[in-house]
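**Q** Dropping a structure here in structure tokens format, bear with me for questions.
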Amino acid sequence: AVALAVAAGKVYWTQKGGDNAGVRSIRRAGLEIPKGDDAAHRSDIEVLFDGLPEPIDLELDLTRRMIYWTDRGDGPRGNTVSRAAMDPPRGVNPGSRTDQQILMRDLGEAIGIALDLQAARLYATDLSGTIRSAGLDGSDQKVVLWGQGSLTGIAAVQARDAPASHTPAPQPLAQTAALDWPEEDLS
Numbered sequence: 036a037v038a039l040a041v042a043a044g045k046v047y048w049t050q051k052g053g054d055n056a057g058v059r060s061i062r063r064a065g066l067e068i069p070k071g072d073d074a075a076h077r078s079d080i081e082v083l084f085d086g087l088p089e090p091i092d093l094e095l096d097l098t099r100r101m102i103y104w105t106d107r108g109d110g111p112r113g114n115t116v117s118r119a120a121m122d123p124p125r126g127v128n129p130g131s132r133t134d135q136q137i138l139m140r141d142l143g144e145a146i147g148i149a150l151d152l153q154a155a156r157l158y159a160t161d162l163s164g165t166i167r168s169a170g171l172d173g174s175d176q177k178v179v180l181w182g183q184g185s186l187t188g189i190a191a192v193q194a195r196d197a198p199a200s201h202t203p204a205p206q207p208l209a210q211t212a213a214l215d216w217p218e219e220d221l222s
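If you read the sequence shown in my numbering, its first letter stands for residue 36, the second for the next number, and so on.
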């Protein structure tokens with residue numbers, strides 16, 4: 036997965052290895068390749084987390100400088116939704132960071148994640164066909180839908196030009212499931 040922080044000029048991504056190899060990571064680099072480097076040999080790649088079970092999808096909260104991700108590898112850190120500061124503590128090895136907060140556990144192969152920052156909620160999907168929701172701190176966890184087939188992604192969409200007195204609920208859209216969500220005129 037890839038997420039952009041355009042104003043900061045950064046791209047973030049999950050890096051995979053073999054199944055449950057414990058060598059997977061979350062990384063970032065500049066949007067522009069440094070002078071003298073090429074795509075295969077970049078000097079600006081930072082490893083933010085290393086030794087993760089199997090990070091899949093990620094989202095950024097640029098205001099709070101937090102990164103959220105799903106991890107579908109084996110427990111205790113796998114089949115989870117986690118968050119941590121986008122900027123690692125100074126001098127800390129990416130493989131020994133202790134600021135990872137696991138927000139949701141025991142997902143059925145966690146895959147997709149979406150943040151609704153206006154409503155301060157996150158949504159996560161898994162291959163068991165479940166959509167879950169929680170506060171950005173992991174509180175108030177709810178199952179939104181289940182038995183929807185293998186869900187591989189999700190997006191939270193806000194209606195445009197909603198009256199100030201009416202803030203619509205986010206409309207999670209699963210990538211591979213046909214969901215019956217209320218339609219809103221987005222024109």
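Think of the CB as a built atom: it goes at the ideal place given N, C-alpha and C, for glycine as much as any other residue.
Tell me the rounded alpha-carbon separation between A155 and A119.
**A** Their backbone Cα atoms lie some 16 Å apart in a straight line.
**Q** With distances taken between CB atoms, is the gap from G164 to G147 smaller than 7 Å?
**A** In this structure, G147 does not lie closer than 7 Å to G164 by Cβ.
**Q** Measuring only the C-alpha atoms, how far is T115 from R132?
**A** In a straight line, the C-alpha of T115 is about 17 Å away from that of R132.
**Q** One question on the structure: do L95 and W104 come within less than 7 Å of each other, judged by their Cβ atoms?
**A** No. Outside cutoff.
**Q** Residue ranges of each beta strand (DSSP E) run of no fewer than 3 residues wholly in the stretch 134-186, ordered along the chain?
**A** Whole beta strand (DSSP E) segments, 3+ residues: 136-139, 145-151, 156-161, 166-170, 177-180.
**Q** Give every residue of the same chain whose Cβ lies closer than 8 Å to the Cβ of V46, excluding the five residues on either side of it in the sequence, and list them in chain order.
**A** Counting only Cβ-Cβ distances below 8 Å, and skipping sequence neighbours, we find V37, A38, L39, A40, R63, A64, G65, L66.
**Q** In or out: R16 buried (at least 16 other Cβ within 10 Å) or exposed?
**A** Since the first and last residues shown for the chain are 36 and 222, residue 16 lies out of range.
**Q** In the DSSP assignment, what residue or residues form a beta bridge with Q50?
**A** Paired residue(s): S60.
**Q** Does S131 come out as helix, strand or coil in the three-state DSSP assignment?
**A** Looking at S131 - three-state DSSP - the assignment turns out to be helix.
**Q** Is it buried or exposed, D141, if we count other Cβ atoms within 10 angstroms and call 16 or more buried?
**A** With fewer than 16 Cβ atoms within 10 Å of its Cβ, D141 is classed as exposed.
**Q** Taking buried to mean at least 16 other C-beta atoms within 10 Å of its own C-beta, is G113 buried or exposed?
**A** It is buried - the Cβ of G113 has at least 16 other Cβ atoms within 10 Å.
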